[in-house]
Amino acid sequence: MGKITDALKKAAQERLARIEKMDKKSEIRYEFIARKKVDSNIDPRIVSFHDPKSPVAEQYRTLRTNIQAIDSKSPIKAITITSSIHGEGKTITAINLAISMAHDLNKKDILLIDADLRRARISKYLGFQAEQGLTELVSDGLNVDEALINIGIDNLTILPAGRIPHNPAELIGSVKMHNLIKLLKSKYHYIIFDSPPVIPVTDAGLLGAQTDGVIMVIRAERTQKGVVEHSQGLLRQAQAKLLGYILTNIQYHIPAYIYRYL
Ligand SMILES: Nc1ncnc2c1ncn2[C@@H]1O[C@H](COP(=O)(O)OP(=O)(O)OP(=O)(O)O)[C@@H](O)[C@H]1O
Ligand SMILES: [Mg+2]
Numbered sequence: 094m095g096k097i098t099d100a101l102k103k104a105a106q107e108r109l110a111r112i113e114k115m116d117k118k119s120e121i122r123y124e125f126i127a128r129k130k131v132d133s134n135i136d137p138r139i140v141s142f143h144d145p146k147s148p149v150a151e152q153y154r155t156l157r158t159n160i161q162a163i164d165s166k167s168p169i170k171a172i173t174i175t176s177s178i179h180g181e182g183k184t185i186t187a188i189n190l191a192i193s194m195a196h197d198l199n200k201k202d203i204l205l206i207d208a209d210l211r212r213a214r215i216s217k218y219l220g221f222q223a224e225q226g227l228t229e230l231v232s233d234g235l236n237v238d239e240a241l242i243n244i245g246i247d248n249l250t251i252l253p254a255g256r257i258p259h260n261p262a263e264l265i266g267s268v269k270m271h272n273l274i275k276l277l278k279s280k281y282h283y284i285i286f287d288s289p290p291v292i293p294v295t296d297a298g299l300l301g302a303q304t305d306g307v308i309m310v311i312r313a314e315r316t317q318k319g320v321v322e323h324s325q326g327l328l329r330q331a332q333a334k335l336l337g338y339i340l341t342n343i344q345y346h347i348p349a350y351i352y353r354y355l
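Quick note, in this note's numbering, the sequence shown goes up one by one and the last residue is 355.
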């Protein structure tokens, strides 16, 4: 009996060690968690779509709840997602948050806007192609309805970036953009803007000032405190209201593969 228990214990320990080794090798821990739906073009990192019951998707739900709970004089409807520098997880956060809101907010209409007119990636992560989007709305006077995309997720509409303009910051800071945001706020319950990082370019500050607030994504164990403080200063200068922070790349103490089944 003792021998069997020992053997089982040993097997379990070996399995745990194997999973931990796999996790260490993996750059993006939560890729283990998403179960990609076979017939979907959506990137597996969009866990709110592929694996809504996973702990990671649960984190996006918590974020959504926290946003709803923000105590503010005027309602928080339009939110800019940004970060200090490139590659901190802004776009994946914006998409997962928007899907989480669309799934769970009692049929409220959510609009996800790709306002990163420099490195637009929302269409790539969501697996669709779009010829026109925000750039065409603001600079060519395209009709809003012609640019909006529905990818079959209830309550979620997407406004892709469109072509890469030569003057992204000017477009984002323009009166036309301001009027567009006003119009869209009257039609949607929540608008989530994905944007470029704060330090290299001014777009996110300009957008932050025109929306109801900014959420900053910080990549744990990479982005230095001083860098985050610098971005805070830039957002303040731009008169953007900082609503809060999201930490990405958090390491679980329990290996992610096991964590999913807890
Ligand atoms: N919560 C997370 N935890 C760990 N890794 C993440 C997380 N979110 C995103 N990543 C990884 O970080 C990388 C960049 O993600 P993403 O494209 O969302 O970043 P970004 O901030 O939008 O980048 P860019 O500045 O180029 O627009 C991707 O490889 C993604 O898998
Ligand atoms: Mg991005």
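For glycine and all other residues, C-beta sits at the position ideal for the given N, C-alpha and C.
The structure presented is a predicted model; accordingly, all values stated were derived computationally and were not measured.
Apart from the 5 residues on each side of it in sequence, residue 136 sits with its Cβ closer than 6 Å to the Cβ of 218 in its chain, given in chain order. Relative to ligand 1, the beta carbon of residue 263 is positioned no closer than 7 Å to any heavy atom. Residues whose Cβ lies closer than 7 Å to any heavy atom of ligand 2, listed in chain order: 183, 184, 209, 212, 214 and 287. Listed in chain order, the alpha helix (DSSP H) elements of length 4 or more contained wholly in the segment 277 to 310 are 296 to 303. Here DSSP, grouped into helix, strand and coil, assigns residue 335 to strand. The Cβ atoms of residue 158 and residue 304 lie no closer than 8 Å to each other. Collapsing the DSSP output to three states places residue 190 in a helix. Within the segment 175 to 240, the runs of alpha helix (DSSP H) that reach at least 4 residues and sit entirely inside it are, in chain order, 183 to 197, 215 to 219, 227 to 232 and 237 to 240. Residue 325 and residue 309 have their C-alpha atoms roughly 9 Å apart. The alpha carbon of residue 265 has as its nearest neighbour, out of 242, 247 and 300, the alpha carbon of 300. Residues of the same chain with a CB within less than 6 Å of the CB of residue 187, apart from the 5 flanking positions on each side, are 174, 285 and 287 in chain order.
In this structure, residue 186 has its beta carbon less than 7 Å from a heavy atom of ligand 1.
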